[in-house]
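What follows is a single structure, written as structure tokens, with notes after it.
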């Protein structure tokens, strides 16, 4: 890596964070920052520009102090002073050794007295830096300032092409923790089509419909008629390939999904929606009070990297008050894009964000994040969404909550600008809720596939079920029942990893990016409540499978244009120094690690010796919590793009925030890019990281 005199950079020490200007009572005004590296340092050489030449001494300049650091005696802490305080006319006393971005710092003035190298070391006063002997490897990491750049327009528009009156409109709102608010608004008996498991040559679409109460779903699952057409963009959907229920060649599968919801004792599928007056009535909202049929179609023989659109027609009921079946147009013109072939330097775009749900109270920015997420996804065309856990942070993974608090928000479909309506149903009452403020909403998840990882709330953090480990039963109904996750592989190692995972973890490849979704590691810091089966049985199996799988990837990810992206819920497992998972990621060449759990945006480069990876925490889906330590700071999401040996990402903020990251109220909407980062892969586990904060 070439680096120029006068270029700005952040200066990090492995395991301890970045050195920043900081007012101190004793010692030089320098301190540590574990968050958001700030490029406040420069290498300078009087009268010289161009690339840094290690043969010549240079000055170490701090932009905040507007001064250079020099070696000079002081009463407290390490013997470092600002050049003005030391009355040093010539601050050119530093020599850099090694290859950027990892290097050593030698001070020529300190060398005259013995130990010449700047090292981390405990101090009673001031910053923890000491003078010492030459370290075996580089002990500083340089992160340059990136030149800001905006993402280009997308290569497709995920979701419905435009609002159609023939398609049932779907959305639902819950606000301020008032359970039972416009209770009957949740009774919509439809889960609109959403796409899953998109590969180079196939894609799966799922949807659910309700049928009149009292009808036996086991009998009717085989009777309902459904049709789906898929065609390349530019060809009419009905002019494409037709799939139908009962067709042996191009089938649509149908089955009883009633059991994927939670019922009160003795209640099956003929219970009226309750009034909402009872403490537990809330759990019988939405599809949980009626028989439900689940449909699944896999479009096959598709072309890599190609834009398609589809149409879905299905028998069902469109409203809770309907008593007769009708032929419903559930998707009229929904667009998606197949995964590209790895050859030819394809571009891969994805979004990442977790910790969703309307929240237990204010402040909650859940619907505001969705507004910006929907608009950016429609304009920038990401190919997939890495959902970083706590898909339902509101109800701890209750099976009845996935529809109102996930699918009917992120897959909302409607065109009315009237935030006072809690849903589209005839029974919904008017409120003063500020939600869905930026229509139209076009069934985004119909074209944008979601690849989730589960969080501590998805696996049921609270012990509501009476059984010892009822959380896994909830998890199967809500999380596993809601997504069609990759279960095959593109080679033997990936197939073994997926088939032995129990659905808790999986891997898939999209172009030249290998994605790895992990369950919550068995670590302190992310309490799983009563998730005992996962912790005791599967967490250790995941770690063993992970080591084998990562080892198998080396020959592939040694290529600088093949990227390994790991994501999971618990931020401790990606960003804490010295943990076993960060050590694994460094050893096996992970390029980018993403996590949630922490409800704010945080990022840093984790490194040890020559190996490094970028860690990004984005549990900023807007979940509201009255706990001041758990409220959402800097709500938004990350948009990333990979092409060749470069990965870039942009962190979007939804609101104006104060210095601590707290939004200045729900009406302080000010969409902006908070951070831009450019990562160039130079080898196995080696990168040049450039970033800038907005």
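In our numbering, the protein residues as written are 66 to 759. Note that the Cβ used here is the ideal one computed from N, Cα and C, for glycine as well.
Asked, Found
"At a cut of 8 Å, does the region 220-231 reach the region 92-106 through at least three beta carbon pairs?", "no"
"Ignore the nearest five residues each way along the sequence and tell me which others in residue 211's own chain have a CB closer than 8 Å to its CB.", "741, 742, 743, 755, 756 and 757"
"Nearest-angstrom Cα distance between residue 120 and residue 667?", "37 Å"
"Examine the ligand GTP and report whether any of its heavy atoms sits within less than 7 Å of the Cβ of residue 363.", "Of the ligands one can find in the structure shown there are none, so the ligand GTP has no counterpart to examine."
"For residue 629, is the classification buried or exposed, using 16 other Cβ atoms within 10 angstroms of its Cβ as the cut-off for buried?", "buried"
"Going by DSSP, which residues form a beta bridge with residue 392?", "380"
"Tell me whether the beta-carbon of residue 419 lies closer than 8 Å to the beta-carbon of residue 381.", "no"
"Tell me, which residues are paired with residue 659 by DSSP?", "632 and 681"
"With 16 other CB atoms within 10 Å as the buried threshold, where does residue 221 fall?", "buried"
"Please work out which residues of its chain come closer than 6 Å, Cβ to Cβ, to residue 705, disregarding the five sequence neighbours upstream and downstream, and give them in chain order.", "415 and 714"
"State buried or exposed for residue 113, treating a residue as buried only when at least 16 other CB atoms are found within 10 Å of its CB.", "exposed"
"State the DSSP-derived secondary structure class of residue 605, mapped to helix, strand or coil.", "helix"
"Enumerate in chain order the residues of its own chain whose CB-to-CB distance from residue 322 is below 7 Å, with the five nearest sequence positions on each side excluded.", "273, 357, 358 and 359"
"From the DSSP output, in three-state form, read off residue 514 for me.", "coil"
"When the Cα of residue 707 is compared with those of 626, 440 and 600, which residue comes out closest?", "626"
"Does the region 657-667 touch the region 636-645, meaning 3 or more C-beta pairs lie closer than 8 Å?", "yes"
"Kindly indicate the opening and closing residues of the alpha helix (DSSP H) around residue 443.", "431-445"
"For residue 575, name the three-state secondary structure that DSSP assigns.", "strand"
"Exposed or buried, what is residue 444 when buried is set at 16 or more other beta-carbons lying within 10 Å of its beta-carbon?", "exposed"
"Can you give me the C-alpha to C-alpha distance between residue 733 and residue 720, rounded to a whole angstrom?", "5 Å"
"Pull up the distance between the alpha-carbon of residue 482 and that of residue 506, whole angstroms please.", "10 Å"
"Quick check on residue 164: buried or exposed, where buried means 16 or more other Cβ atoms within 10 Å of its Cβ?", "exposed"
"If you reduce the DSSP assignment to three classes, tell me which class residue 332 lands in.", "With a pLDDT of only 45 at residue 332, under 50, the local geometry of the prediction cannot be trusted, and the value read off the model is given with reservation. It is coil, neither helix nor strand."
"Measuring CB to CB, does residue 699 end up less than 8 Å from residue 685?", "yes"
"Do you know offhand how far residue 368's Cα is from residue 169's?", "50 Å"
"What is the rounded straight-line gap between the Cα of residue 753 and the Cα of residue 175?", "30 Å"
"Give me, in chain order, the residues of the same chain whose beta-carbon lies closer than 6 Å to that of residue 473; leave out the 5 immediate sequence neighbours on both sides.", "235, 236 and 237"
"With a CB to CB cut of under 6 Å and the five nearest residues on each side skipped, what residues in its chain are close to residue 529?", "For residue 529, the pLDDT reaches just 47, beneath the cut-off of 50, and the residue's location in the model is therefore unreliable, although a value from the coordinates is still provided. The answer is none, since no qualifying residue turns up."
"Within a Cβ cutoff of 8 Å, which residues of the same chain sit near residue 144, ignoring the five residues on either side of it in sequence?", "136, 137, 138, 175 and 196"
"Hey, residue 370 and residue 403 are a contact pair by Cβ (cut 8 Å); roughly how many whole angstroms apart?", "6 Å"
"Kindly indicate the opening and closing residues of the beta strand (DSSP E) around residue 725.", "Counting along the chain, residue 725 falls outside any beta strand (DSSP E), and DSSP gives it neither H nor E."
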